[in-house]
Amino acid sequence: VHLSSSVAEKINSLDKTVDPSETEKAVLATITSIFNLVHAIADLGDPDMLSCCAVVLPQLVVRNALFAARAPLWTSQSPPRGYIFKGELAMVSNLKSSLLVGTDDPVFFIWLSSMQILAGIVRSSTHFTNHSSAEDIGRGFIDMSVEFLKVYKDALLMCLNSCETKLTRNALKEAKIFLTLVAELCKRNVKVSFMHFEELIDHSKFFVSSLSRFLGATGTSQELFISINEYEKSDPEEAMNPVSLGRPSRLLDGVPTAKHEAIKFSHYASGCTGRMTKADFQDSATVPDFLRPLSLERDYENDLEKNCRLSVTSNFSLDLVRATARCLCQALTLIRRTHQVSKSFYMFSDANRMDPMHLVEPGIVIGYRYMGQGMLSTSVIGFDSLRFGRVLSVDTFSRSWDVLVLREEGSEVAVAERQETVKADQLAGVEDKSARRPSGNLKP
120 VHLSSSVAEK
130 INSLDKTVDP
140 SETEKAVLAT
150 ITSIFNLVHA
160 IADLGDPDML
170 SCCAVVLPQL
180 VVRNALFAAR
190 APLWTSQSPP
200 RGYIFKGELA
210 MVSNLKSSLL
220 VGTDDPVFFI
230 WLSSMQILAG
240 IVRSSTHFTN
250 HSSAEDIGRG
260 FIDMSVEFLK
270 VYKDALLMCL
280 NSCETKLTRN
290 ALKEAKIFLT
300 LVAELCKRNV
310 KVSFMHFEEL
320 IDHSKFFVSS
330 LSRFLGATGT
340 SQELFISINE
350 YEKSDPEEAM
360 NPVSLGRPSR
370 LLDGVPTAKH
380 EAIKFSHYAS
390 GCTGRMTKAD
400 FQDSATVPDF
410 LRPLSLERDY
420 ENDLEKNCRL
430 SVTSNFSLDL
440 VRATARCLCQ
450 ALTLIRRTHQ
460 VSKSFYMFSD
470 ANRMDPMHLV
480 EPGIVIGYRY
490 MGQGMLSTSV
500 IGFDSLRFGR
510 VLSVDTFSRS
520 WDVLVLREEG
530 SEVAVAERQE
540 TVKADQLAGV
550 EDKSARRPSG
560 NLKP
């Protein structure tokens, strides 16, 4: 905490585009190592070790002076977050001119570590919030994470907005870690603590749409260029008929049309990305070996087609695609956990007090006690101790249902396809089908 404060005072007194001195970088490296250690402790999930960090974590992670110094800069899109631009030009190999490039901001990576720590302690604390000895610790960590989101709400929302306009490596790293933290807070047993952050959920839906367009454009452009390349290398007689070679319909309108579409999608995808550092520019000019035949120069190609081929086959493009895909998966996890269907499961305190046969119909999900568990009430055995399955058929005579098991007790992992029969007195909860609605507005 003291190291952070001392460096923050100097950073605050400098122009935000000035790179920290070597001494300050050494101090920031030490702080980063401390954060990495705390992150490892958070992931362990040991209540005793976490309790040792409980006193210092609010000052270290939430109210860190470094974040207060940098947060105002991160609430705007210029300059791009996570980078420092000193106004210097650098020569990049394979490019004909010098370029204005930036360097990674060390404070930004400490900022990312803080969110990783919070996500780790929330993930760990959810496993012992129901244990009286550690419940206070777990609740304190959850409150700490919610406070972090409240204090830096503007900077965090700008993180998602910046990715909707320009994808950079650091912005995607931040977005994934941020969404991981939010998704952890939106888990079933801590969701009540996060109920006032609907704005973040709405932003994540636009975020998913933006990332999906980028991935779709990049993938379509790559597929078209691959098909064109295979077509041009094929036997001249067979090449007269693309369909005879088993190619999909993307070449049915002719190679010129396919090239036009490939260039269009490549141009869109390239416009979504931003190269910030010298490494970014170098990677954008190099192609992995498995795509090298696709990016070879052709005598008949113009500069536009060459550049478009390179922009969707370079190492930089592929790295961004991977980072975007990971980010998209995390955003979809958040949307799934906050979808209305996640609140549509109704639990019974005692299934024997009512006739459940009229509540259950084929297609819905039910929660039930597995055989041998005993007829304990749901409040005793807990939600995580139930088994879940999708109803396949109803047998009113034997008062039972055939179900496809979706999740076994105590596990979040999907099980191998298996069916079993559930008796009416095993029923503990049913799904409300009326909550099955799209999470976003459908467009024609």
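Residues in the sequence shown are numbered consecutively from 120, following my numbering.
No residue lacks a Cβ here, since even glycine has one placed at the ideal position from N, Cα and C.
Would you kindly check if the distance between the Cβ of residue j and the Cβ of residue i is under 9 Å?
{"i": "Leu300", "j": "Val374", "result": "no"}
{"i": "Met466", "j": "Gly548", "result": "yes"}
{"i": "Val220", "j": "Pro139", "result": "no"}
{"i": "Asn155", "j": "Ser233", "result": "no"}
{"i": "Ile382", "j": "Glu424", "result": "yes"}
{"i": "Phe326", "j": "Glu283", "result": "yes"}
{"i": "Met277", "j": "Leu237", "result": "no"}
{"i": "Ala336", "j": "Tyr271", "result": "no"}
{"i": "Ser519", "j": "Ala543", "result": "yes"}
{"i": "Thr405", "j": "Leu439", "result": "no"}
{"i": "Phe333", "j": "Thr443", "result": "yes"}
{"i": "Ile454", "j": "Lys306", "result": "no"}
{"i": "Arg182", "j": "Asp224", "result": "no"}
{"i": "Ala302", "j": "Gln449", "result": "yes"}
{"i": "Leu268", "j": "Leu275", "result": "yes"}
{"i": "Lys292", "j": "Gly201", "result": "yes"}
{"i": "Ala290", "j": "Pro407", "result": "no"}
{"i": "Cys427", "j": "Ser403", "result": "no"}
{"i": "Thr396", "j": "Thr151", "result": "no"}
{"i": "Asp521", "j": "Glu539", "result": "yes"}
{"i": "Val564", "j": "Leu176", "result": "Nothing can be reported for residue 564, as the shown portion of the chain is limited to 120 through 563."}
{"i": "Leu525", "j": "Val484", "result": "yes"}
{"i": "Lys378", "j": "Ile345", "result": "no"}
For residue i, which beta-bridge partners are listed by DSSP?
{"i": "Asp223", "result": "Tyr202"}
{"i": "Phe435", "result": "Answer is none; Phe435 lacks a bridge partner."}
{"i": "Phe507", "result": "Gly486 and Arg526"}
{"i": "Thr540", "result": "Asp521"}
{"i": "Ser512", "result": "Asp521"}
{"i": "Val241", "result": "Partner(s): none; Val241 has no beta bridge."}
{"i": "Glu550", "result": "Phe464"}
{"i": "Leu286", "result": "Thr392"}
On the premise that residue j lies in contact with residue i, defined as a C-beta separation below 8 Å, what is that separation, rounded to the nearest angstrom?
{"i": "Leu523", "j": "Arg509", "result": "5 Å"}
{"i": "Glu380", "j": "Leu343", "result": "6 Å"}
{"i": "Leu447", "j": "Ser331", "result": "7 Å"}
{"i": "Leu192", "j": "Ile229", "result": "Contact doesn't hold; Cβ gap of about 14 Å is too wide."}
{"i": "Thr339", "j": "Phe384", "result": "5 Å"}
{"i": "Ala173", "j": "Gly259", "result": "6 Å"}
{"i": "Thr457", "j": "Ile320", "result": "5 Å"}
{"i": "Gly486", "j": "Phe464", "result": "7 Å"}
{"i": "Ser243", "j": "Ala161", "result": "6 Å"}
{"i": "Phe435", "j": "Arg394", "result": "7 Å"}
{"i": "Glu527", "j": "Val534", "result": "6 Å"}
Buried or exposed: residue i, going by 16 or more other Cβ atoms within 10 Å of its Cβ?
{"i": "Arg288", "result": "buried"}
{"i": "Leu546", "result": "buried"}
{"i": "Met168", "result": "exposed"}
{"i": "Ser363", "result": "Model confidence at Ser363 stands at a pLDDT of 46, short of 50, so the residue's coordinates are unreliable; what they give is reported in the following sentence. With fewer than 16 Cβ atoms within 10 Å of its Cβ, Ser363 is classed as exposed."}
{"i": "Cys171", "result": "exposed"}
{"i": "Arg537", "result": "exposed"}
{"i": "Glu550", "result": "buried"}
{"i": "Lys552", "result": "exposed"}
{"i": "Asp273", "result": "exposed"}
{"i": "Leu163", "result": "exposed"}
{"i": "Glu81", "result": "Because the chain spans 120 through 563 in this model, residue 81 falls outside it and cannot be assessed."}
{"i": "Ala159", "result": "exposed"}
{"i": "Ser329", "result": "buried"}
{"i": "Phe409", "result": "exposed"}
{"i": "Arg411", "result": "exposed"}
{"i": "Leu371", "result": "exposed"}
{"i": "Arg441", "result": "exposed"}
{"i": "Thr142", "result": "exposed"}
{"i": "Asn471", "result": "Confidence at Asn471 is low in this model, with a pLDDT of 48, below 50, so the placement of that residue should be treated as unreliable; the coordinate-derived value is given next. Label assigned to Asn471: exposed."}
{"i": "Thr376", "result": "exposed"}
{"i": "Ala294", "result": "buried"}
{"i": "Gly239", "result": "buried"}
{"i": "Ser195", "result": "exposed"}
With hydrogens ignored, establish whether the beta-carbon of residue i is closer than 8 Å to any heavy atom of the ligand NAD.
{"i": "Pro166", "result": "Looking for the ligand NAD in the displayed structure turns up nothing, as the structure carries no ligands at all."}
Subject >> Every unbroken beta strand (DSSP E) inside the stretch 126-197 [3 residues or more] >> reply: Here no run is fully enclosed.
Subject >> In chain order, each alpha helix (DSSP H) run of at least 4 residues that lies wholly inside the stretch 326-358 >> reply: 355-358
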